[in-house]
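Just so we're aligned: 140 in the working numbering is position 91 of the sequence shown, and the numbers increase by one with no gaps anywhere. For glycine and all other residues, C-beta sits at the position ideal for the given N, C-alpha and C.
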Amino acid sequence: MSGQDERRIIAAIAEFHLDRGTWPSPAAASAYERSLGVWLHTQRVGAARGTLDPFRLEVLDYEIPGWQVTAEEAWLNHAREASSFLLLHGRQPEPAAPETRERLVATWLRTMQSLERLGALRPDRATWLDEHCPGWRSNEKPVFPERKGPSRV
């Protein structure tokens, strides 16, 4: 990949984050978002392992402030994806679903359920899930609170 291609990708990721307030996902349905997400994920892995070129690290820090998410931010991003899925679909995600994003959400929720059963899920995280992810503790259909106001049908 040429330096010019990388500059375009970095600019696209910065614009994506600015426009949407979220980072591109490597599991996105959109090929465009997925390609940006995969590239960003690769850079994050390299930074975490200490194998990312120091110059590239400086460029990324300058061009895309906040591109290295903390473990807490990563957890919250996954939790928000799970919440969005449950609220949008009104059901638990399927681990064998054809869509990658649904499979990832299903795997993440199963991991949270396992941690909860083992007593290893932090109480603040369990509380967040209780408040934002109806039915997350089981594979049963979530129960959603009554909507107030006009229905969007």
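Residues in the same chain with beta-carbon distance under 8 Å from Thr160, minus the five sequence neighbours each way, listed in chain order, please. Looking up residue 160 in the sequence shown gives position 111. Cβ neighbours of Thr160 beyond the five flanking positions: none.
Practice item. Count the other CB atoms, across all protein chains shown, that sit within 10 Å of the CB of Asp54; report buried if there are 16 or more and exposed otherwise. Key: What you label residue 54 is simply residue 5 of the sequence shown in a count that begins at 1. Residue burial is scored here from C-beta neighbours: Asp54 has fewer than 16 other C-beta atoms within 10 angstroms and is therefore classed as exposed.
- Query: Taking Trp185 as the reference, which of Ala169, Gly168, Ser163 has the closest Cα?
  - Reply: By one-based count along the sequence shown, residue 185 stands at place 136. Minimum Cα distance to Trp185 is reached at Ser163.
Which ranges does the alpha helix (DSSP H) cover as unbroken runs of at least 4 residues, wholly within the segment 81-155, from first to last along the chain? If we require 4 residues or more, the alpha helix (DSSP H) runs fully inside the segment 81-155 come out as 103-112, 120-138.
ask   = Are the beta-carbon atoms of Arg166 and Ala76 separated by less than 7 Å?
value = Here the question's residue 166 lines up with position 117 in the sequence shown. Here the question's residue 76 lines up with position 27 in the sequence shown. No, they are not a contact pair.
How far does the alpha helix (DSSP H) with Trp177 in it reach, from first residue to last?
Stepping through the sequence shown from its first residue, residue 177 is reached at position 128. It spans 172-181 - the alpha helix (DSSP H) in which Trp177 sits, taken as one unbroken run.
On the three-state DSSP scale, how would you describe Ala78?
-> Here residue 78 is taken as the residue at index 29 of the sequence shown, counted from 1. Coil.
### Query
Sorted by chain position, which residues of the same chain lie with C-beta nearer than 7 Å to Pro73's C-beta, five sequence neighbours on each side aside?
What you label residue 73 is simply residue 24 of the sequence shown in a count that begins at 1. The beta carbon of Pro73 sits closer than 7 Å to those of Ile62, Phe65, Glu82, Leu85, Gly86, Leu89, all from its chain and outside the five residues before and after it, given in chain order.
Reduced DSSP category for Thr160 - H, G, I as helix; E, B as strand; rest coil: If you number the sequence shown from 1, residue 160 lands on position 111. Per DSSP, reduced to three states, the secondary structure at Thr160 is helical.
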